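Each remark here refers to the structure printed beneath this line.
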Amino acid sequence: MAGRARFDFIHFMHYVHLPENQKEFPSLWVDFPNKYFNPEKGYSLYQRYLSELVLADKLGFDAIVVNEHHNTAYSMMPAPNLIAASLIPQVSNAKICVWGTPPNLEYPNRLAEEYAMLDVLSQGRLEVAFPLGTGMEYWANPINPSTARARYRESIDIILQAWTQDGPTKYYGDFYTYRYLNPWPRPVQKPHPPCYIVGTGSPETIDIAAQLGFGYASVFVTKQRARELNEKLRRTAAEHGHHIRPEQLPLQVITYVAETEQKAREEGIDHIRYFFEDALRTTPTFLAPPGYLSVEQLKMRAALADKLHGKFNFDNVNESFFVAVGTADQVVEQLEQWGEQMGTNHFVILGAAGNMPNWKVVKNLNLIAQDVIPRVRVGAAYERRVAAE
Amino acid sequence: MPAQPIPAQFKRETHTINGVKTVVLTAGHGEPLVFLHGAGIWHGIHFALPWTEKFRVIVPFHPGFGESGDDPAMNDMHDYVMHYLDLFDALGIGKARLVGFSLGGWLAAKFATEHGERVERLVLVGPAGLRGKERPQGDVLSLPPEQIPSLLVSDFDVIKPYLPDNPKDLDFMGERYREGGTLARLLWEHPYDTKLPRYLHRLTMPTLLVWGEEDKLLPVQHAALWRQHLPRAEFKTFKGAGHLVLDEKPEAVDAVTRFLS
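Chains as they are written, first to last, in this note's numbering: chain S, 1 to 389; chain C, 1 to 261.
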């Protein structure tokens, strides 16, 4: 495990051609009018974004990552499997990560089928993550947010049963009944493609990952919290007899590299600002549909809301979240330090932040591929620490 | 400090109904009058005091609301009908005058279609439960919580004393979010009951339908749907009253008293 770290490139495919008065909309999610989606501009953006993902493969990134959101200018990927399928013929080496479709928002047999298709089509390069889905997804889809967690758990069970047991099998659950669970095709990778849970650190999602020995990617939590969550997962997984490997703890980092720190900030910060201030802008009601959170979680988040959703300030964001903006030397040092703290050697590079134009994305990916990826070493130190424990 | 929503005349009893902590408020003497509250009872029950002069008034908190406990397994209206069947038995109520408001009106109507023998007289006050095709009903689940209070009344001063001074009061927000979760379990998929009209003909007991003419949540036009299925029901509307017509108009409370006497 010691040696070179793993580098993924994640793309959110924002729709960036917003109307001039976009700031007047409290949310770019759920109810932001879809008349503002222009299909011609959408076509160009798809072409461009796909080319950026393909470029990451050519430059030697280990994986490319796509994900799913609905009713929002934040994402042009309500169906990430379609994007993954269109990337497979163009991406020769990188793993294809779909991180992913909330399994409770889709019929689980259908999701098992689609992921198996992608795994076969890519000759075993698929990795999947199971997110619960943001609160916003429940305003866009017909699933009851009060059943989100129970349905999520049942759907994962069904998908794993479909992948790991020879069919036909039966499943009689609270939400789904399968008299003939027997999906064709089945995945190449045995027992199934590598799986992760994506979450914001609720005890339920950590427990599921620990029980199943899945990886865990925490999103939109502060550095301190992410670190606690990784430790909690390792501890809880061990109780279930699972050893969580560093690669199973992907760490998402907003990254921008340039010739000097000054230049990196000048070129990068405006787009990071767009990411936080615009792309992520939504309302408390959309974030927390009724029944989606426990009352304790709701109160905790409401108390933090002003802090997180206040006016953008790069130093605050930099302080709270994983943001690496600077020279290649600075970014290498930063990633090694975080890798060490978080016990991971797996970085998911958010290298196309917000409304970053293509030339900056290309420049950023090239500099990361040339001057960062080959130099970051975190596995060795982590393995030594584990051995010492 | 918000005003005390429950008048001192009411005594609290706590029952365990099928495992669920159920708090019941009781005041007055006489024949039982059961009031089923709407999707929140933070605005209190001061309006019910005149009823206590003639009846034994019983106001239970529904599971998942106010002082009663939660049971996530109760996830459809029929579970609540069964809960009230159990509670009637536990309280020794054979037959009651049943008054239901809003969500509680829907529940009262459903209870009475299934257990008409337990309902002496029925009052439905701005009941939810029917699907309005022409005028979509206010969907409280999708309204930002801070917008809901002003939609409940014609005169905001009526409920203002029961609201916290700080609109971002975490405890108040948390309580409302909890009740929103209960409501989501019941009616996220369908904020109405498509089967209810099929069985409303079973409401053969004397029935009164009450509505506030300035109801912003379930506009008074909605009453036409109910009247279509309840041709023999009495119907009274009140000017200058919103959804919380009982809280806003003592005349409405009097009309209910007269109808039930």
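Every residue gets a Cβ at the ideal spot worked out from N, C-alpha and C, and that includes glycine. Since we're looking at a predicted model, the values are computed, not measured.
Taking the CB atoms as reference points, tell me whether residue i and residue j lie closer together than 7 Å.
i, j, result
"C/Y162", "C/A3", "yes"
"C/L36", "C/R97", "no"
"S/G133", "S/L105", "yes"
"S/I88", "S/L121", "yes"
"S/P80", "S/V66", "yes"
"C/V125", "C/F101", "yes"
"C/V158", "C/D247", "yes"
"S/A264", "S/G326", "yes"
"S/I373", "S/F9", "no"
"S/V390", "S/N364", "This structure cannot speak to residue 390 of chain S, because chain S is shown only from 1 to 389."
"C/G212", "C/G174", "no"
"C/E234", "C/L208", "yes"
What residues of chain C sit near residue i, judged by a beta carbon separation below 8 Å?
i, result
"S/S146", "P72, N75, G181, A184, R185, W188"
"S/L298", "M173, G174, Y177"
"S/T283", "P144"
"S/P33", "By Cβ distance, chain C contributes nothing, its closest Cβ being about 16 Å from S/P33, past 8 Å."
"S/P142", "E189"
What residue does the alpha helix (DSSP H) around residue i start on, and which one ends it?
i, result
"C/F172", "170-187"
"C/V125", "Careful: C/V125 lies outside any alpha helix (DSSP H), inside the beta strand (DSSP E) at 119-125."
"C/I45", "Where C/I45 is concerned, there is no enclosing alpha helix (DSSP H), given that its DSSP letter is neither H nor E."
"C/W211", "Segment 207-212 is the beta strand (DSSP E) holding C/W211; no alpha helix (DSSP H) there."
"C/H15", "Unbroken run through C/H15 is the beta strand (DSSP E), 11-17; no alpha helix (DSSP H)."
Does residue i have its Cβ less than 7 Å from a Cβ in chain S?
i, result
"C/P144", "yes"
"C/R178", "yes"
"C/Q173", "Looking at the sequence provided, one finds Met at residue 173 of chain C rather than Gln. Answer yes: the Cβ-Cβ gap between C/M173 and chain S drops below 7 Å somewhere."
"C/L141", "yes"
Just the Cα atoms here: how many angstroms apart are residue i and residue j?
i, j, result
"S/H240", "S/V91", "36 Å"
"S/K23", "S/V198", "29 Å"
"C/P7", "C/V123", "22 Å"
"S/F12", "C/T113", "52 Å"
"C/T257", "C/G138", "28 Å"
"S/L136", "S/T282", "Reading off the sequence shown, one finds Met at residue 136 of chain S, where the question assumed Leu. Those two C-alpha atoms are separated by around 9 Å."
"C/T182", "S/L55", "49 Å"
"C/D86", "C/V153", "33 Å"
"C/A108", "C/H201", "14 Å"
"S/P108", "S/R149", "14 Å"
"S/F321", "S/V221", "7 Å"
"S/G28", "S/Y43", "At residue 28 of chain S the sequence reads Leu, which differs from the Gly that was named. In a straight line, the C-alpha of S/L28 is about 20 Å away from that of S/Y43."
"S/G215", "S/A129", "9 Å"
"C/H83", "C/H62", "9 Å"
"S/L36", "S/A288", "Going by the sequence as given, residue 36 of chain S is Tyr instead of Leu. Rounded to whole angstroms, S/Y36 to S/A288 spans 25 Å at the Cα level."
"C/E189", "S/Y292", "14 Å"
"C/L49", "C/R56", "11 Å"
"S/M1", "C/T16", "Legend: pLDDT at S/M1 = 43, less than 50; position of this residue unreliable, value from coordinates given subsequently. Between S/M1 and C/T16, the C-alpha separation is close to 57 Å."
"C/P191", "S/G213", "39 Å"
"C/V23", "C/E179", "15 Å"
"C/K54", "C/K11", "17 Å"
"C/K21", "S/D278", "45 Å"
"S/E231", "S/M342", "8 Å"
"S/E114", "S/V253", "29 Å"
"C/P149", "C/E214", "14 Å"
"S/F347", "S/V16", "25 Å"
"C/V99", "C/G105", "7 Å"
Check whether the Cβ of residue i lies closer than 7 Å to any Cβ atom in chain C.
i, result
"S/A2", "Unreliable positioning characterises S/A2 in this predicted model, as indicated by a pLDDT of 48, which lies under 50. The coordinate reading is nonetheless provided below. Not closer than 7 Å to any Cβ of chain C, the Cβ of S/A2 fails to qualify, so no."
"S/T200", "no"
"S/V30", "no"
"S/G133", "no"
"S/P290", "yes"
Looking at the secondary structure, which residues open and close the beta strand (DSSP E) in which residue i lies?
i, result
"S/Q252", "251-257"
"C/V20", "20-27"
"S/W99", "95-99"
"S/R6", "6-10"
"S/S426", "A question about residue 426 of chain S goes unanswered here, because the residues of chain S that appear run from 1 up to 389."
"C/K236", "234-238"
"S/F347", "346-350"
Using a Cβ cut-off of 8 Å, pull out every chain S residue sitting near residue i, in sequence order please.
i, result
"C/L163", "By Cβ distance, chain S contributes nothing, its closest Cβ being about 17 Å from C/L163, past 8 Å."
For residue i, return the contacting residues in chain S, with the cut-off set at a CB-CB distance below 7 Å.
i, result
"C/L170", "K299, A302, A303"
Below 7 Å on C-beta distance, what does residue i contact in chain C?
i, result
"S/V295", "G174, Y177, R178"
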